[in-house]
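4 protein chains.
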Amino acid sequence: MRAGEVTKEKIKRSALKLFVAQGVDGTGVREIAKVAGITEGAIYRHFKGKDELVWELFNTHHSDYAAQLDALQAAQTGIAAKLDAMVRGFCRFYDDDETLLRFLLLVQHGQLSKVKDGAMTPVTVMYDVIQGGIDAGEINVPDANEATAWILGILLQTATFKTYDRLTGPMTPRADALVGACLRVLGTS
Amino acid sequence: MRAGEVTKEKIKRSALKLFVAQGVDGTGVREIAKVAGITEGAIYRHFKGKDELVWELFNTHHSDYAAQLDALQAAQTGIAAKLDAMVRGFCRFYDDDETLLRFLLLVQHGQLSKVKDGAMTPVTVMYDVIQGGIDAGEINVPDANEATAWILGILLQTATFKTYDRLTGPMTPRADALVGACLRVLGTS
Amino acid sequence: MRAGEVTKEKIKRSALKLFVAQGVDGTGVREIAKVAGITEGAIYRHFKGKDELVWELFNTHHSDYAAQLDALQAAQTGIAAKLDAMVRGFCRFYDDDETLLRFLLLVQHGQLSKVKDGAMTPVTVMYDVIQGGIDAGEINVPDANEATAWILGILLQTATFKTYDRLTGPMTPRADALVGACLRVLGTS
Amino acid sequence: MRAGEVTKEKIKRSALKLFVAQGVDGTGVREIAKVAGITEGAIYRHFKGKDELVWELFNTHHSDYAAQLDALQAAQTGIAAKLDAMVRGFCRFYDDDETLLRFLLLVQHGQLSKVKDGAMTPVTVMYDVIQGGIDAGEINVPDANEATAWILGILLQTATFKTYDRLTGPMTPRADALVGACLRVLGTS
DNA sequence: CATGAATGAGGGTTCATTCAT
DNA sequence: TATGAATGAACCCTCATTCAT
Numbered sequence: 001m002r003a004g005e006v007t008k009e010k011i012k013r014s015a016l017k018l019f020v021a022q023g024v025d026g027t028g029v030r031e032i033a034k035v036a037g038i039t040e041g042a043i044y045r046h047f048k049g050k051d052e053l054v055w056e057l058f059n060t061h062h063s064d065y066a067a068q069l070d071a072l073q074a075a076q077t078g079i080a081a082k083l084d085a086m087v088r089g090f091c092r093f094y095d096d097d098e099t100l101l102r103f104l105l106l107v108q109h110g111q112l113s114k115v116k117d118g119a120m121t122p123v124t125v126m127y128d129v130i131q132g133g134i135d136a137g138e139i140n141v142p143d144a145n146e147a148t149a150w151i152l153g154i155l156l157q158t159a160t161f162k163t164y165d166r167l168t169g170p171m172t173p174r175a176d177a178l179v180g181a182c183l184r185v186l187g188t189s
Numbered sequence: 190m191r192a193g194e195v196t197k198e199k200i201k202r203s204a205l206k207l208f209v210a211q212g213v214d215g216t217g218v219r220e221i222a223k224v225a226g227i228t229e230g231a232i233y234r235h236f237k238g239k240d241e242l243v244w245e246l247f248n249t250h251h252s253d254y255a256a257q258l259d260a261l262q263a264a265q266t267g268i269a270a271k272l273d274a275m276v277r278g279f280c281r282f283y284d285d286d287e288t289l290l291r292f293l294l295l296v297q298h299g300q301l302s303k304v305k306d307g308a309m310t311p312v313t314v315m316y317d318v319i320q321g322g323i324d325a326g327e328i329n330v331p332d333a334n335e336a337t338a339w340i341l342g343i344l345l346q347t348a349t350f351k352t353y354d355r356l357t358g359p360m361t362p363r364a365d366a367l368v369g370a371c372l373r374v375l376g377t378s
Numbered sequence: 379m380r381a382g383e384v385t386k387e388k389i390k391r392s393a394l395k396l397f398v399a400q401g402v403d404g405t406g407v408r409e410i411a412k413v414a415g416i417t418e419g420a421i422y423r424h425f426k427g428k429d430e431l432v433w434e435l436f437n438t439h440h441s442d443y444a445a446q447l448d449a450l451q452a453a454q455t456g457i458a459a460k461l462d463a464m465v466r467g468f469c470r471f472y473d474d475d476e477t478l479l480r481f482l483l484l485v486q487h488g489q490l491s492k493v494k495d496g497a498m499t500p501v502t503v504m505y506d507v508i509q510g511g512i513d514a515g516e517i518n519v520p521d522a523n524e525a526t527a528w529i530l531g532i533l534l535q536t537a538t539f540k541t542y543d544r545l546t547g548p549m550t551p552r553a554d555a556l557v558g559a560c561l562r563v564l565g566t567s
Numbered sequence: 568m569r570a571g572e573v574t575k576e577k578i579k580r581s582a583l584k585l586f587v588a589q590g591v592d593g594t595g596v597r598e599i600a601k602v603a604g605i606t607e608g609a610i611y612r613h614f615k616g617k618d619e620l621v622w623e624l625f626n627t628h629h630s631d632y633a634a635q636l637d638a639l640q641a642a643q644t645g646i647a648a649k650l651d652a653m654v655r656g657f658c659r660f661y662d663d664d665e666t667l668l669r670f671l672l673l674v675q676h677g678q679l680s681k682v683k684d685g686a687m688t689p690v691t692v693m694y695d696v697i698q699g700g701i702d703a704g705e706i707n708v709p710d711a712n713e714a715t716a717w718i719l720g721i722l723l724q725t726a727t728f729k730t731y732d733r734l735t736g737p738m739t740p741r742a743d744a745l746v747g748a749c750l751r752v753l754g755t756s
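Protein chains in written order, with our numbering: chain A, 1 to 189; chain B, 190 to 378; chain C, 379 to 567; chain D, 568 to 756.
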């Protein structure tokens, strides 16, 4: 890894932590630099500006998560198996890098509109799986979009409760319960 | 309503709209004043500062929502009826004042820690109902907190999807489907 | 004069002096504020930004000078009398507010392109007078534009020499000599 | 020409173009380097800093122009012939390298004070010629300095008009007219 | 009660320059 | 020699807040 790359990674890590703790608007470039152990100006060698830093942080991982979720579901057959794989994947992602996942949830409001239409996102991956289940007659819900909201809501609010300390400990042990909840909500037999 | 009260309400309404559209940090006092049709300085006659404005906006309605939800569930007997009333109430709240509900979701991260311990919130109301259902043997879930996350997730993510235009139209027509989803996820017989 | 107007004038005067002494790019907003006896932020209540300050300073006086020169020539008949009036006017302007005139010369490069086409400027006023003299057969030069450059060159370079201290004392006593030079260069009989 | 010299010339040419187009303060070292096809740091191997680059650019050519003008006038006898040679020389200089001449006009404000007293400059060359004409009784003007301003004004403002596109085409075809104007303004018979 | 001028701290960003590689 | 990462000061500008009017 080149010298510059190390700095860039330090900037990204520091920014991530601060953004999660204080929000994007609440975090200054000066502060990011200080935590990264460099000076403000150095950030601008690696990013065109604060906006680009936020966007790169979001887009890289958002796309990556989508791709990983998609790979997990594609390896399975049937809605139950696909959902099982995705939920477990989600829990693993969370436990691997909680800060990153919280960041993605935090900034999606501002960044999601920049994602180009038709791009694969965690939401579209989930939607496609559910729509597939409907088409195959495996689940019985009136609308795939609505059902997608339910599944994502169950997963994300569980994660959110951990943020507020209403739930503690890692996510992975909760995977079984989450899979059960998701299958029930979708009305699988 | 006194003259001063009218101004105060204008400030609160303007702030609410702007906060939802641009975020709290992204909205300046100058801008709030302009939309309210007054000047910056006048705001400080009604609020100690921007923070207090945000807090008053949050806490008033947050408590109010909690109280209303609690009244709705208290009037019913049995988990199914209680949940039905609360979900329909939530949908009505959303349709009545979408901006307000979005605001509460938006700022909860920063404000929730200021809510004094033991206070009644929408979350605690929902938790108590679910815990009651568990105690009464009406539902079969391992942990009331976890189940609370599921129910809130289903409701809030549905609202969130409306924000992103993945779902359209009012919430109330979706109440039946939401009640069904919630009951299934809780494993009621 | 309202309180705010006083401050605005102080800002404009301070900026003018500093711009002339150090150039526009070489003068910071902080410095302007300090010389004006206020803080940086106060400047932005009176001007949208540094650019607007420069533009207002330039355009106001540039247009004003043009109008005054035009009035002076319009009151006279014949190229000789018109030129005489304009040259004396120029000398008076210079002696009245040397800083202002130097500023106009200094920034014209950057600002002149913002002047809307067809607007009256000192250059167009002079051009019109000379073109009139050509049409009337009073002077014998091949091209009005070229002759306009000569006249303006004589006047402005004389002013420039004062900036470099190659010439000293007020301009007005030089008016006779300047008028003579201008008439000779135009080939009046 | 050594390899290093080639780079140095590229830097000087790039800087010249950018300075003329954007001003000295408006042009960054980073930008100069990019246009020259090198990196920022490399500039500092050839120049102590930006100031030295500007100064070297100015002084070299300013002195050179003075020397060339002086040689031209020295080869002639009589004010008329000397002036004729200098004006034609000026036109040739302009047509040969317009960018360079514009640069000299642009930065003279800031750099002229660094020229050591007694040094030969285009201004002093012109002054000496005119003073010589006065002493010889060939021209009749009250003050050599004033007359120098007139002659330089005629020449430089003509060049300036070309910058503003009020005059177009090369300078050389205008030489006859310029010589005529200069001789008239000096009152030669 | 309301105004809007002013403050002072901080925002994101660019700059000329230095220096390890 | 040349690179480009890094510095640190300065840039223009916006902010929440105060206060004389």
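Just so you know, even glycine gets a beta-carbon here, dropped at the ideal spot from N, CA and C.
At least three beta-carbon pairs within less than 8 Å, the segment 479-493 of chain C to the segment 394-401 of chain C:
yes
Own chain residues within Cβ distance below 6 Å of LYS34 of chain A, not counting five before or after:
none
Determine the chain C residues that contact GLN698 of chain D at a beta-carbon separation under 7 Å, and present them in chain order.
Simply none; closest approach about 13 Å.
Within the 8 Å Cβ cut-off, does GLU229 of chain B reach chain A?
no
Mark VAL573 of chain D as exposed unless 16 or more other C-beta atoms lie within 10 angstroms of its C-beta, in which case mark it buried.
exposed
Does PHE539 of chain C come within less than 8 Å of chain D when only Cβ atoms are used?
yes
Rounded to a whole number of angstroms, what is the C-alpha to C-alpha distance between ALA638 of chain D and ASP631 of chain D?
11 Å
Using the Cα positions of ILE151 of chain A and VAL185 of chain A, report the straight-line distance between them to the nearest angstrom.
8 Å
Closer than 9 Å by beta-carbon distance: list the chain D residues that pair up with GLU524 of chain C, in chain order.
THR725, PHE728, LEU734, ARG741, ALA744, LEU745 and ALA748
With 16 other Cβ atoms within 10 Å as the buried cut-off, status of PRO520 of chain C:
exposed
Using beta carbons (cut-off 8 Å, strictly below), is GLY278 of chain B in contact with chain A?
no
In the segment 131-168 of chain A, which residue ranges form an unbroken alpha helix (DSSP H) of at least 4 residues, counting only runs that do not cross its ends?
144-163
For LEU556 of chain C and GLN486 of chain C, what's the separation of their Cα atoms in angstroms?
23 Å
Expected contact under 8 Å - CB spacing of GLN379 of chain B and GLY153 of chain A to nearest Å:
This structure leaves residue 379 of chain B out entirely; chain B is present only between 190 and 378.
Stretch pair the segment 503-515 of chain C + the segment 457-475 of chain C: three plus CB contacts closer than 8 Å
yes
Check whether the Cβ of VAL596 of chain D lies closer than 8 Å to any Cβ atom in chain C.
no
Cutoff 8 Å: ARG331 of chain B Cβ touching any chain A Cβ:
Per the sequence shown, residue 331 of chain B should be read as Pro rather than Arg. PRO331 of chain B counts as touching chain A.
Proximity test, Cβ basis, 8 Å: VAL682 of chain D and chain C
no
Return no unless some Cβ of chain C is closer than 8 Å to the Cβ of LEU585 of chain D.
no
Provide the residue span of the alpha helix (DSSP H) that contains GLN678 of chain D, from first to last.
665-678
Beta carbon of VAL507 of chain C, beta carbon of GLN451 of chain C: below 8 Å?
yes
What separation, rounded to the nearest whole angstrom, lies between the Cα atoms of GLY558 of chain C and ILE389 of chain C?
40 Å
Looking at C-alpha atoms only, which residue of A:TRP55, A:ALA75, A:GLY49 and A:ASP25 is the closest neighbour of LYS116 of chain A?
A:TRP55
Who are the near neighbours of ASN626 of chain D in its chain, counting only those whose CB is closer than 6 Å to its CB and skipping five residues on each side?
none
With a threshold of 7 Å (Cβ to nearest heavy atom), would ILE221 of chain B be considered close to the ligand FAD?
As far as ligands go, the structure on display features none, and thus does not contain the ligand FAD.
Could you check whether the segment 732-741 of chain D touches the segment 536-550 of chain C, counting it as contact only if at least three pairs of C-beta atoms, one from each stretch, sit closer than 8 Å?
no
What does a CB cutoff of less than 6 Å around THR594 of chain D pick up in its chain, not counting 5 residues either side in sequence?
LEU585 and PHE586
Tell me where the alpha helix (DSSP H) around ARG562 of chain C begins and ends.
553-564
With 7 Å as the C-beta to C-beta threshold (strictly closer), list the residues of the segment 41-69 of chain A near chain B in chain order.
none
If GLU335 of chain B sits next to ARG92 of chain A, beta carbons under 8 Å apart, how far is it from one beta carbon to the other, in whole angstroms?
Contact flag wrong, Cβ pair sits at about 18 Å.
Please work out which residues of its chain come closer than 6 Å, Cβ to Cβ, to ALA255 of chain B, disregarding the five sequence neighbours upstream and downstream, and give them in chain order.
MET309, THR310, PRO311 and VAL314
Could you work out which residues of chain B lie near ASP25 of chain A, taking near to mean beta carbons separated by less than 9 Å?
GLY212, VAL213, ASP214 and GLY215
Below 8 Å on the Cβ atoms is my contact criterion, and I expect HIS613 of chain D with LYS575 of chain D to pass it. Report the Cβ-Cβ distance as a whole number of Å.
5 Å
Let's see if you can read the secondary structure: which residues bound the alpha helix (DSSP H) around LYS579 of chain D?
570-589
Taking GLY828 of chain D as the query, report the chain C residues whose CB atoms sit under 8 Å from its CB, ordered along the chain.
Examination of residue 828 of chain D is not possible in this model, given that chain D is present from 568 through 756 alone.
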